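A short worksheet on the structure shown next.
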Amino acid sequence: MDIQRVLRESKLTNLPLLASQVVEGFISGIHKSPFHGYSSEFAEHKLYNTGESTRHIDWKLYAKTDKLYTKTYEEETNLRCHFILDQSASMYYPEVVSPSLTQLDKLSFSALSIAAIMQLLNKQRDAVGLTVYDEGLRFQATEKGSGLHYNRIYNALEECINTPQPGLKTNTYQFLHEIAEKLKRRSLIFLFTDLLQPELPRADLFEALRHLKYNKHQVVLFHTLDHKTEVNFEFDETPKRFFDMETGVKIDLHTHQIQKAYTEQMTEFIREVKLICAKYRIRYVEADIRGDFEKILSAYLVEKQKLKS
47 MDIQRVLRES KLTNLPLLAS QVVEGFISGI HKSPFHGYSS EFAEHKLYNT GESTRHIDWK
107 LYAKTDKLYT KTYEEETNLR CHFILDQSAS MYYPEVVSPS LTQLDKLSFS ALSIAAIMQL
167 LNKQRDAVGL TVYDEGLRFQ ATEKGSGLHY NRIYNALEEC INTPQPGLKT NTYQFLHEIA
227 EKLKRRSLIF LFTDLLQPEL PRADLFEALR HLKYNKHQVV LFHTLDHKTE VNFEFDETPK
287 RFFDMETGVK IDLHTHQIQK AYTEQMTEFI REVKLICAKY RIRYVEADIR GDFEKILSAY
347 LVEKQKLKS
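Written as structure tokens, this is what we have:
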């Protein structure tokens with residue numbers, strides 16, 4: 047499913063509209079995927095029997111198959127879902143002058159992913175909340191299900207996209223602990239971060255992740271990265287000047303000279319994070335900003351089913 051190709055020229059100026067198109071593309075392919083039956087709107091199809099109400103006939107499916115099917119709806123309990131978004135300077139990598147579906151930095155990819163999940167949650171008026179942090183707490187909204195509340199969060203996400211914060215560092219450790227203490231009722235928690243806080247000992251980072259499981263929350267870590275450059279370190283062979291977006295430190299180098307050592311260390315870090323997530327029963331999802339949103343939405347559907355079971 048190449049959603050980014052379908053929306054090639056779309057600009058990130060109306061987040062709810064773009065998110066609804068992302069979801070529509072995802073749902074249209076759900077019957078061809080292993081997630082058939084996980085649609086937020088209905089559980090499955092069954093053949094239409096003469097005499098039944100025609101209210102739930104899937105006419106789009108009829109046009110494709112020439113057979114009448116009805117949607118069997120689930121009985122759903124309203125969920126509580128809290129999104130956590132890292133807005134530190136490193137999340138605005140790579141530098142994008144005008145974000146679009148074909149040019150996304152890590153922050154705009156994360157914001158659009160959150161908006162797309164919200165589109166699915168909104169169908170059942172599930173309660174959603176959002177926390178945005180960098181070196182300080184920038185936005186916080188507790189879980190509610192009203193239309194006004196959804197719009198408030200969409201606006202906050204658009205504000206994040208449109209107002210980069212150069213030089214702001216990450217304080218993941220502090221704010222994950224604070225958020226874990228405030229979320230008292232069992233919730234789905236989605237964390238979008240690149241986990242780039244090199245001055246923080248890994249043990250402290252892993253302890254903060256573990257704390258999110260407090261009160262039996264269902265937690266998903268979307269490790270947001272530009273896989274090509276941040277993991278594989280793929281650049282052309284011309285000399286490069288790199289800037290630390292949070293400290294301003296710069297370094298000049300030939301990337302091919304350190305590529306092997308860099309990729310080994312980055313791969314080992316990701317392996318560690320995956321192991322810790324598995325240990326604490328946190329779902330780890332590598333969110334590559336050069337990919338599409340199918341992996342993000344599929345992870346949401348799976349975790350939603352777990353929370354309900």
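Numbering (the working numbering), first residue to last: 47 to 355.
Ideal Cβ positions, reconstructed from N, Cα and C, are used throughout, including at glycine.
Computed from a predicted structure; not experimentally measured.
- The closest CA to that of threonine 111, considering only Asp282, Leu93 and Gln243, is found on Leu93.
- The beta carbons of histidine 302 and isoleucine 235 sit no closer together than 7 Å.
- Scanning its chain for C-beta atoms nearer than 7 Å, with the 5 sequence neighbours on each side dropped, one finds around serine 66 the residues Gln165, in chain order.
- In this structure, the straight-line span from the alpha carbon of lysine 262 to that of arginine 232 is close to 6 Å.
- Put simply, of Lys190, Leu183, Gln149 and Leu150 the residue whose alpha carbon is nearest the alpha carbon of alanine 173 is Lys190.
- The beta carbon of glutamine 186 lies closer than 6 Å to those of Thr177 in the same chain, with the five residues before and after it left out.
- The region 265-277 and the region 313-320 touch, with three or more beta-carbon pairs separated by less than 8 Å.
- Here aspartate 282 is exposed, its C-beta having fewer than 16 other C-beta atoms within 10 Å.
- Remark: C-beta atoms of leucine 222 and isoleucine 335 do not approach each other more closely than 7 Å.
- Boundaries of the beta strand (DSSP E) around alanine 333: 329-334.
- Non-local C-beta neighbours of valine 331 in its own chain, meaning closer than 8 Å and more than five positions away in sequence, comprise Val266, Leu267, Phe268, His269, Lys341, Ile342 and Ala345, ordered along the chain.
- Looking only at Thr239, Ser136, Val68 and Pro145, the smallest Cα-Cα distance to aspartate 290 is reached by Ser136.
- The three-state reading of DSSP puts leucine 214 in coil, since its state is none of H, G, I, E or B.
- A straight line joining the alpha-carbon of lysine 296 with that of proline 212 spans about 14 Å.
- Contact annotation, tyrosine 179 with glutamine 243: C-beta distance approximately 12 Å; criterion of less than 8 Å not satisfied.
- Under DSSP, glutamine 186 takes part in a beta bridge, and its partners are Thr177.
- Per DSSP, the continuous alpha helix (DSSP H) segment holding lysine 325 begins and ends at 301-325.
- For the pair leucine 147 and threonine 96, the Cα-to-Cα distance works out to about 45 Å.
- Rounded to the nearest whole angstrom, the C-alpha separation of lysine 286 and glutamate 280 is 12 Å.
- Counting only the Cα atoms, leucine 125 lies some 9 Å from leucine 353.
- Judged by DSSP secondary structure, valine 68 falls within the alpha helix (DSSP H) whose first and last residues are 61-74.
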